[in-house]
Structures are given as structure tokens and as C-alpha cells.
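The block underneath contains the structure these notes are about, expressed in C-alpha cells.
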Amino acid sequence: MGSLLELRGVSRAFGERRAVRETTLAVARGEAVLLVGRNGAGKTTLLRLATGFLDCDAGEVVVDGIAMARERTRAQARLGYLPEQATAPAELAVDEHLWSRARLKGLARGAVAAAVDRVVEAAALGDVRRRRIGVLSKGFRQRVGLADALLGDPPLLVLDEPTSGMDPIQVRELRDRLAAAAADRAVIVSSHAVTDLESLATRVAVVVDGAVVADAPPAELRRGKETLEQAVVRLMGPGAS
Numbered sequence: 139m140g141s142l143l144e145l146r147g148v149s150r151a152f153g154e155r156r157a158v159r160e161t162t163l164a165v166a167r168g169e170a171v172l173l174v175g176r177n178g179a180g181k182t183t184l185l186r187l188a189t190g191f192l193d194c195d196a197g198e199v200v201v202d203g204i205a206m207a208r209e210r211t212r213a214q215a216r217l218g219y220l221p222e223q224a225t226a227p228a229e230l231a232v233d234e235h236l237w238s239r240a241r242l243k244g245l246a247r248g249a250v251a252a253a254v255d256r257v258v259e260a261a262a263l264g265d266v267r268r269r270r271i272g273v274l275s276k277g278f279r280q281r282v283g284l285a286d287a288l289l290g291d292p293p294l295l296v297l298d299e300p301t302s303g304m305d306p307i308q309v310r311e312l313r314d315r316l317a318a319a320a321a322d323r324a325v326i327v328s329s330h331a332v333t334d335l336e337s338l339a340t341r342v343a344v345v346v347d348g349a350v351v352a353d354a355p356p357a358e359l360r361r362g363k364e365t366l367e368q369a370v371v372r373l374m375g376p377g378a379s
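Under my numbering, the first residue of the sequence shown carries the number 139, and numbering increases by one thereafter.
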């Protein structure tokens, strides 16, 4: 099965600090990779490289066979991205914002209504679709960001802390919806909610000091009677608890 996302030895530094170091990672259709690590480990930088919002100092990003460095617009059109701090105009209603985003993403005018309806359903926004974004809770604003990422039915979803600001019920609902999305897409999601998202993950990639130190199905990361969270803490090293 071909990978929809390939990170081939990517590196990125900010001044003297190496945020990502020679990292190789691939995600295929039907896979959901959970990216975990301490704050500052390089997870967000890695996802920004994957989406083309940062350039690599070395290595290559390939999305659905398209080299990001050579054809950035085409590559980005094949992915949906939810950043950790999803922003949207506070004065617009959810519907208005999603209509605007659909047009910006190049959806034909006649296809926008159906596309917005699909992502509103997928992100469980039906009860708030006509409310202004500025009055929504952080959890609902994250859902608006997820709906945005799903517009255009991209084969790759890249999600940075999508459960931020969500209550336990919302987290469970999001997990179930991401599992449905991952059935025919590639999904990579960065999150601290290891226990909540364990059932979603086909693989877990552990990031330490800008490098992936483990990448395997959850069951393979555990030792003995460890929980996945305990295994992740062990792999992150001293001081990670």
C-alpha cells in the first residue's frame, strides 16, 4: 500500500536549536498515526513541515506522490490541516466561514452546499452551524477547524492537538469520527490524550528531542502489563512523568 504522507529524513532548526532531526515517517491510507511527546519535543514543527507551512532544512516531504518542495500548492490540496490554535473569523457564522473556506479551496460553487453539509455532519456542528464562531466554546471552535480540514475530502488529515479544549464526551465523539475518517484516509494526529485516542491509533510514534524514537502499533510498544500511557512515558525517558 502506497503512503499518502512520507517524511524522508526531514530536519529543521531555529537558530542553534534543532527542532526536528533527520526524521523519517510514513502514513498510508487506512492508518491513523498518533504522534506523542513532551511539550517542545518537536511534534508541531514536524506537522508544519508535513503540511508545507515550514520548509525543511534537509530531507523531503511527499504527499500522495507529490514533492512538497517542488509543487507545494498541489501537495497542500491533497491534505486537510487542523493546527493546534485553529483560528476563524469570530464575526462569521459557522456556515458562512465554511462556505468561504470551501470557495478558497477551489470547490465549484454548485458543490459547496453539499460539501459544507457533509463536514458539518462529520464534525457534529449541526446544532451551532448558524451561530457566530466568536460565541462558541473552544471545543466547538476546534470542531469548526476539523470541519475546515475535511472540506474537499482530502486523502490526508494532519491534526495538531485536536482535542484541546474538549470535554470527555466531546473527545470520545471526536475519536469515533476520526476513526471513521481514517477508514479511507491517512491520518496523523498529535495529542497528549494518549489514553483517549489509543483505540484510534493503528501506530504510535514517540518523539524525543526532535526525533522519532519509536514507531509501532500500540500493543508492540507495551511491556508486560503496561498501559500505552506508561509505555509512552518510558519511551520519552527520564523526567517525562
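The beta carbon of each residue, even a glycine, is placed where N, CA and C say it ideally should be. Model, not experiment: these values are computed from the prediction.
Host alpha helix (DSSP H) of residue i (start-end)
i	result
Arg-372	366–374
Arg-256	247–260
Val-309	306–320
Ala-240	232–242
Gly-277	276–288
Ala-399	Only positions 139 to 379 of the chain appear in the structure, and residue 399 is not among them; the question remains open.
Gly-357	Correcting the residue identity first, residue 357 is Ala in this sequence and not Gly. First-last of the alpha helix (DSSP H) with Ala-357: 356–359.
Cβ shell of residue i (< 7 Å), same chain only, five flanking positions each side left out
i	result
Thr-301	Val-309, Leu-312, Ser-329, Ala-331 and Asp-334
Ala-151	Ala-157 and Asp-195
Leu-192	Arg-150, Thr-183 and Arg-186
Arg-281	Ala-261, Ala-262 and Leu-263
Glu-222	Thr-182, Asp-298, Glu-299 and Ser-302
Residues of its chain near residue i, where Cβ-Cβ distance is below 6 Å and the 5 sequence neighbours each way are ignored
i	result
Ala-170	Ala-320, Val-325, Leu-338, Ala-339 and Thr-340
Gly-180	Ala-157, Val-158, Val-345 and Gly-348
Gly-283	Leu-220 and Ala-224
Met-206	Gly-190, Val-199 and Ala-213
Distance CB(residue i)-CB(residue j) smaller than 8 Å
i	j	result
Thr-183	Tyr-219	no
Arg-210	Pro-293	no
Gly-248	Gly-277	no
Asp-353	Ala-343	yes
Leu-295	Ala-253	no
Arg-267	Val-258	yes
Leu-173	Thr-162	no
Among the options, the one whose alpha carbon lies nearest that of residue i
i	options	result
Ile-204	Leu-142, Gly-244, Thr-161 and Ala-260	Leu-142
Arg-159	Leu-187, Gly-140 and Val-165	Leu-187
Gly-147	Val-350, Leu-263 and Met-304	Val-350
Arg-239	Val-327, Asp-286 and Leu-230	Asp-286
Pro-376	Leu-145, Leu-163 and Arg-176	Arg-176
Glu-336	Trp-237, Glu-367 and Val-273	Glu-367
Ala-228	Met-206, Arg-279, Trp-237 and Arg-256	Arg-279
is_contact[residue i, chain C] using C-beta, thresh 8 Å
i	result
Leu-294	No chain C appears in the structure shown, which is made up of a single protein chain.
Rounded separation between residue i and residue j - CA only
i	j	result
His-235	Leu-297	19 Å
Thr-225	Thr-365	34 Å
Asp-202	Val-165	10 Å
Val-200	Leu-230	34 Å
Asp-322	Gly-168	5 Å
Val-250	Val-232	14 Å
Glu-327	Arg-315	Here residue 327 is Val; the residue named in the question, Glu, does not match the sequence. So the two alpha carbons sit approximately 13 Å from each other.
Lys-243	Pro-306	32 Å
Ser-275	Arg-361	39 Å
Val-213	Gly-178	According to the sequence provided, residue 213 is Ala. The question's Val does not apply to it. Approximately 27 Å between the Cα atoms of the pair.
Arg-208	Gly-197	13 Å
Gly-246	Trp-237	Looking at the sequence itself, residue 246 is Ala, so the reference to Gly does not match. Cα-Cα distance, rounded: 11 Å.
Endpoints, the beta strand (DSSP E) within which residue i is located
i	result
Asp-334	Where Asp-334 is concerned, there is no enclosing beta strand (DSSP E), although the alpha helix (DSSP H) it sits in stretches over 332–335.
Arg-150	141–152
Ala-213	Taken as a continuous stretch (DSSP letters only), Ala-213 belongs to no beta strand (DSSP E), being part of the alpha helix (DSSP H) at 210–214.
Arg-341	341–346
Leu-297	294–298
Thr-162	155–166
Val-327	324–328
Gly-197	196–201
heavy atom of the ligand SAH below 7 Å from residue i C-beta
i	result
Ala-231	Of the ligands one can find in the structure shown there are none, so the ligand SAH has no counterpart to examine.
Beta-carbon contacts of residue i that lie in its chain and below 8 Å, excluding the five residues immediately before and after
i	result
Leu-373	Val-344, Val-346, Val-351, Ala-352 and Leu-359
Glu-154	none
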